[in-house]
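Student: Residue numbers (the working numbering), protein chains in the order written: chain A, 1 to 380; chain B, 1001 to 1434.
Ideal Cβ positions, reconstructed from N, Cα and C, are used throughout, including at glycine.
There's a structure below that I have some questions on.
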Amino acid sequence: MTFDELMKTTETLSNPYIDEWKKQGKKVMGYYCTYTPEEILLAGDVMGYRMRGTEAEGTSLADTIMTRFNCSFIRATLDLIMSGKYSFLDGLVCQNSCDHARRIYDIFNYKILGQMEGFPKDYPLFFLSIPHLVTERGEQWLKDEFGIFKTNLENAINVKISDEKLNNSIKLLNENRRLLKEIHKLRVIEKPKLNGADMLKINIANAAVPKSIVNQELKNYFDQLKNKEGISDYRARILLIGSVIDDPSFLNIIEGVGGLVVSDMLCYGTRNYWDLTDEGTSDPMGAIAKRYNEKISCPRMMNRHGNRSKFLNDLIKEAKVDGVIATRIEFCDTHGCDNMIFEHELEEANVPILSLDRDYFLGDTGRFKTRCEAFIEQIE
Amino acid sequence: MIENKYLNDNSKIIPLKELMEVAERGLTLLDQVEGEDDEYTILKYYVDALAPYVKDCVEKEEAGWPVVGHHFAFPAEILYFFDVVPVCVEAMSYAFAIIAQHGIESYIDNMEAYGSPFHTCSAQKGVLGMSLEKLFKFDLLATPSGPCDNTIASYPVFQYLQEQQKVKVLDVPYYRNDRSLDYFTVEITNFVDELADFLGQEPNEEKFKKAIEYENKNITLLRELNELKKACPCPVGSGVALLNATMNVALPARQERAIYYEKLLQYAKKYYKLGIKPNDNEEKIRSIWPNMCIYFKPKYANFLDRRRGVTILFDVFNYNFHDPINLNKDIDDIFKQLALQCLNYPMARQASGYANQMVEDTVFLSREYKADCAIFTNHISCKSLQPIVQLLREALRDELGIPLLSIDVDVGDKRVNPFRTIKKEVDTFLKTLF
């Protein structure tokens, strides 16, 4: 596999690595949210695949069930499911990530399982209840919840997941996260070795290819990157925060007008790989629960805005950012209010911030371009 | 906007002071209304119950009691362990939408100018806007972590707006099973200890149990009233659904609500015996509103009764699926029963967890109460209920053969979908039924 081949996997939903994985008799299961314990999937030899809206051309099928006030990203993925584009998945893990995402589980039960081709009644469909507070009790709940998930997964795929397998998958995922973090460090320097669009592509590909393969590629890429000439022809250093972005063309808009996205606080970004799981413990399930409980959160965690704020400020300092762009997909209430608070906090701290609301399908790129250009002119 | 005379007032609950004046003026006016127009009779019962609650809040706040803003799905009973002034945030937003001439739109505008997205819930945004102007200055806000993203998103904003407005959260699990119940029971038990520490007060078990007694009575009276509604025609007017909804969320665990229900029950029994609808209105269509009534246009419910012959049997806040608490148990068991009750509070029950709860509850009510149709107010911020509408439509069609109309609206903000449009949509729908 070459790095270019890895990057090509971002252009389509499925890819040859998934085909190869499945040819070996292994499973691929979709998940929506970074609170999915990938370690458990991997320990069952299941490749976790982060759901995307790539290849979606509209939401006409999804709109027969969901409404125009529901997240266009979720609707895009549902549309792809209903049109058969996700037929390569062998199962799906849903969660109470947000009001929009959690209804995918219900829609599957009411309208898809046993009613659409490729989705029999006994299709492995899982739901995880993640607490909305980061507390000790919540961590215990999470451990129990992950335990139930593990058992259900074992039954669904007829595999036993041992502590040894869990510890091995923890190691593999930690290695993956470390590599991504090392590459991140090459973004935040004065002459970044890669731009934001490429970093996003790496994160997208990372969630669509088996980890054992992608880790090797990341290592090779990192080695090349270290020696690469850095980028110096940019006008402003930008940090990007907000809700899910799985489309590099959005970053191309920012970077096309002179902004360089040198850092981020995104779920297809630092929020996914920043935190590691304790390795080699006698209680790997406890270690996994701890990691997911304490990791950099998204606004679904009600008592962690302070932590996110601190993390954001650390990222701003680390990357010597000129300005922050806070983006969200329209109708996202949680990011909407969280971004609002960040806006006020950063204004008080004299950090320029631009808020951009968008539909998943980037129809109004002209407007974004104008606003980004104006912002960059202001801060360069 | 709230009158200028309050703006230099140091009260932490200025909107309640205005509400108190509005209620007193309202009662004076209602006393002068002659004849037995039932709409005014019910309104008088409503204001008669609301006024003493508001007066009690104002007096206690003036005496220095801490003000605790709570979510409608928060078990307000536990606040009665302590000497606090309990104010339901969502009830206040919609009380102003219903009663105050100025509505809550200006406060919504303030919050949106501050940065709050237009599609966040007016139920919190109204009071957030008041909090932004320091009309409310809560000492504490208490909320569960559900039933929706708007709760999760909005409550932390209170603390950002005024630093002393601490927010404490009860984590609500997604499932409705024994494991969830055990988890949530401990959440509630621990919360009482946290409140005690925060307030610097010792919990008073006697006052807590008294609050539960009041709420038990409320539940029993409401059940009795709801039984009478099975009669055709319904012996209560549609306006009752709207008033009951706000009463239920505004006055949890309060004696004033029981007094309101007792009067309402007598009134309903009168018409039940007569076998007619109040004001001798015709009942052509019986409707269930699985979500909320339209709070910014309270008279619409009466209009539907008088001019269209449509009865609103229930909205989501009018039917309790939870049981009274058995106080002849030890305190741990009482907490467990309270936890179970809280998981089944109106709207929390239907919106917090899986979609099937909303579907099953609506089908149940439609069947039991012989509904002819369902009208779903697709409140712009109810993102978790919106994907359920189609599932609900199909369930009602397949199981009962009744249709569902979904109207896009913000139940507290008249500008999102103009009332004229809503009226037209409903009328067009009703024509298919007549």
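#1: Helix, strand or coil: which one does DSSP assign to residue 1027/B?
#2: Since residue 69/A meets chain B, which of its residues come closer than 7 Å, beta carbon to beta carbon?
#3: Give the range of the beta strand (DSSP E) segment to which residue 354/A is assigned.
#4: Who are residue 127/A's beta bridge partners in DSSP?
#5: Along the chain, which unbroken stretches of the alpha helix (DSSP H) at least 4 residues long are found entirely within the segment 260-293 of chain A?
#6: Select from 1048/B, 1005/B, 1150/B and 1010/B the residue whose C-alpha is nearest the C-alpha of residue 1024/B.
#7: For residue 258/A, return the contacting residues in chain B, with the cut-off set at a CB-CB distance below 7 Å.
#8: What do you get for residue 1434/B, buried or exposed, if any count of 16 or more other CB atoms within 10 angstroms of its CB means buried?
#9: Counting only beta-carbon separations shorter than 8 Å, does residue 1150/B have a partner in chain A?
#10: Hey, out of 1379/B, 1185/B, 1391/B and 1193/B, whose CA is closest to residue 1332/B's CA?
#11: Does the ligand SAH have even one heavy atom less than 7 Å from the beta-carbon of residue 181/A?
#12: If you count every other CB in all the chains shown that lies within 10 Å of the CB of residue 1401/B, and 16 or more means buried, which is it?
#13: Quick one: residues in its chain with C-beta nearer than 8 Å to the C-beta of residue 1250/B, no 5 flanking neighbours on either side, listed in chain order?
#14: Which residues of chain A have a Cβ atom closer than 9 Å to the Cβ of residue 1115/B, listed in chain order?
#15: Closest by CA to residue 148/A, which one among 56/A, 15/A, 89/A and 37/A?
#16: Under the three-state reduction of DSSP, which class applies to residue 317/A: helix, strand or coil?
#17: The segment 137-152 of chain A: which residues have C-beta closer than 8 Å to a C-beta of chain B, in chain order?
#18: Between residue 1403/B and chain A, is the shortest Cβ-Cβ distance under 8 Å, so that the two count as touching?
#19: Between the beta-carbon of residue 241/A and the beta-carbon of residue 326/A, is there less than 8 Å?
#20: In whole angstroms, what separates the C-alpha of residue 218/A from that of residue 24/A?
#21: Sort out for me which residues DSSP pairs residue 1408/B with in a bridge.
#22: What does DSSP give as the partner residues of residue 31/A in its beta bridges?
#23: Do the segment 1216-1225 of chain B and the segment 1288-1306 of chain B make contact, defined as three or more Cβ pairs closer than 8 Å?
#24: Name the DSSP bridge partner or partners of residue 1211/B?
#25: At a Cβ threshold of 8 Å, is residue 1093/B touching chain A?
#26: Against chain B, which members of the segment 298-319 of chain A pass a CB distance test of less than 8 Å?
#27: Considering only the alpha carbon of each residue, which of 1280/B, 1247/B, 1252/B and 1275/B lies closest to residue 1264/B?
#28: So residue 131/A contacts chain B; which residues on that side make the cut at Cβ distance below 7 Å?
#29: Measure how close the beta-carbons of residue 1381/B and residue 1121/B come, nearest whole angstrom, since I'm counting them as under 8 Å.
#30: Output, in chain order, the set of chain B residues within a Cβ distance shorter than 7 Å of residue 98/A.
#31: If contact means a Cβ-Cβ distance below 9 Å, which residues of the segment 1174-1203 of chain B contact chain A?
#32: My guess is that residue 1259/B and residue 1136/B are in contact by the Cβ rule of under 8 Å, so how many angstroms apart are they, rounded?
#33: Once DSSP output is grouped into helix, strand and coil, what is the label at residue 1127/B?
#34: Can you find at least 3 beta carbon pairs, one from the segment 280-288 of chain A and one from the segment 206-214 of chain A, that sit closer than 8 Å?
#35: If distances are taken between C-alpha atoms only, which option among 1337/B, 1196/B, 1116/B and 1177/B comes closest to residue 1157/B?
#36: Check the C-beta distance from residue 1146/B over to residue 1348/B and give it rounded, since I have them as a contact under 8 Å.
Tutor: Let me lay it out:
#1: Your numbering for residue 1027/B matches position 27 in the second sequence. If DSSP states are grouped into helix, strand and coil, residue 1027/B belongs with the helices.
#2: Position 69 of the first sequence, counted from the start, is the residue given in the question as residue 69/A. Contact of residue 69/A with chain B by beta-carbon distance below 7 Å involves 1119, 1380, 1383 and 1386.
#3: What you label residue 354/A is simply residue 354 of the first sequence in a count that begins at 1. In the DSSP assignment, residue 354/A falls within the beta strand (DSSP E) that extends over 353-358.
#4: Indexing the first sequence from 1 puts residue 127/A at position 127. Answer is 94/A, bridged to residue 127/A.
#5: Within the segment 260-293 of chain A, the complete alpha helix (DSSP H) runs of at least 4 residues are 270-273.
#6: Along the second sequence, read from residue 1 onward, the residue named residue 1024/B stands at position 24. Closest by C-alpha distance to residue 1024/B, out of 1048/B, 1005/B, 1150/B and 1010/B, is 1048/B.
#7: Taking the first residue of the first sequence as 1, we reach residue 258/A at position 258. Chain B residues near residue 258/A: none, gap ~26 Å exceeds 7 Å.
#8: Position 434 of the second sequence, counting from 1, holds the residue named residue 1434/B. Within a 10 Å sphere around the beta-carbon of residue 1434/B sit fewer than 16 other beta-carbons, which makes this residue exposed.
#9: Along the second sequence, one-based indexing puts residue 1150/B at 150. The C-beta of residue 1150/B comes closer than 8 Å to at least one C-beta of chain A.
#10: Numbered from its first residue, the second sequence carries residue 1332/B at position 332. With distances taken between CA atoms, residue 1332/B lies nearest to 1185/B out of 1379/B, 1185/B, 1391/B and 1193/B.
#11: As for the ligand SAH, it is missing from this structure, which has no ligand bound.
#12: Residue mapping note: residue 1401/B aligns to position 401 of the second sequence, counting from 1. Classification for residue 1401/B: exposed.
#13: Residue numbering aside, residue 1250/B sits at position 250 when the second sequence is read from its first letter. Counting only residues of its own chain and dropping the five nearest sequence neighbours on each side, residue 1250/B has a CB closer than 8 Å to the CB of 1050, 1053, 1088, 1091, 1092 and 1095.
#14: On the second sequence, residue 1115/B is found 115 positions in, with the first residue counted as 1. The contacting residues are 336, 337, 339, 340, 341, 343, 344 and 355.
#15: As a working mapping, residue 148/A is identified with position 148 in the first sequence. Closest by alpha carbon: 37/A.
#16: For the purposes of this step, residue 317/A is identified with residue 317 of the first sequence, where counting begins at 1. DSSP places residue 317/A in helix when its eight states are reduced to three.
#17: Flagged, chain order: 137, 138, 141 and 144.
#18: As a first step, residue 1403/B must be located in the second sequence, where it is residue number 403. It does not: the Cβ of residue 1403/B has no partner Cβ on chain A nearer than 8 Å.
#19: To locate residue 241/A, count along the first sequence from 1; it is residue 241. To locate residue 326/A, count along the first sequence from 1; it is residue 326. Against a cut-off of 8 Å, the Cβ pair of residue 326/A and residue 241/A comes out as a contact.
#20: For the purposes of this step, residue 218/A is taken as residue 218 along the first sequence, with counting starting at 1. For the purposes of this step, residue 24/A is taken as residue 24 along the first sequence, with counting starting at 1. If you take the alpha carbons of residue 218/A and residue 24/A, they lie about 23 Å apart.
#21: Taking the first residue of the second sequence as position 1, residue 1408/B is located at position 408. In the DSSP output, where bridge partners are listed per residue, residue 1408/B has 1378/B.
#22: Locating residue 31/A in the first sequence gives position 31, counting from the first residue. Here residue 31/A is bridged, per DSSP, to 50/A and 93/A.
#23: No, they do not touch.
#24: Here residue 1211/B corresponds to residue number 211 of the second sequence, with the count starting at 1. According to DSSP, residue pairing for residue 1211/B in a beta bridge does not occur.
#25: Here residue 1093/B refers to the residue found at position 93 of the second sequence. Not closer than 8 Å to any Cβ of chain A, the Cβ of residue 1093/B fails to qualify, so no.
#26: Listed by position along the chain: 299, 300, 302, 303 and 305.
#27: Here residue 1264/B is taken as the residue at index 264 of the second sequence, counted from 1. For the options 1280/B, 1247/B, 1252/B and 1275/B, the alpha carbon positioned closest to that of residue 1264/B is the one of 1247/B.
#28: On the first sequence, position 131 is the one that residue 131/A refers to. At a beta-carbon threshold of 7 Å, the residues of chain B lying near residue 131/A are 1171, ordered along the chain.
#29: By one-based count along the second sequence, residue 1381/B stands at place 381. By one-based count along the second sequence, residue 1121/B stands at place 121. Confirmed, Cβ separation roughly 4 Å.
#30: On the first sequence, position 98 is the one that residue 98/A refers to. Against chain B, a Cβ distance below 7 Å from residue 98/A picks out 1149.
#31: If the cut-off is 9 Å between Cβ atoms, the segment 1174-1203 of chain B has 1174, 1175, 1179, 1180, 1183, 1186, 1187 and 1190 near chain A.
#32: Here residue 1259/B refers to the residue found at position 259 of the second sequence. Here residue 1136/B refers to the residue found at position 136 of the second sequence. Their Cβ separation, rounded to whole angstroms, is 26 Å, which puts residue 1259/B and residue 1136/B out of contact at 8 Å.
#33: Taking the second sequence and counting its residues from 1, one reaches residue 1127/B at position 127. Secondary structure of residue 1127/B (DSSP, three-state): helix.
#34: No, because fewer than three Cβ pairs between the segment 280-288 of chain A and the segment 206-214 of chain A fall closer than 8 Å, the two stretches do not touch.
#35: As a first step, residue 1157/B is located in the second sequence; it is residue number 157 there, counting from the start. It is 1116/B whose Cα lies nearest to the Cα of residue 1157/B.
#36: Locating residue 1146/B in the second sequence gives position 146, counting from the first residue. Locating residue 1348/B in the second sequence gives position 348, counting from the first residue. Right, their Cβ atoms sit about 6 Å apart.
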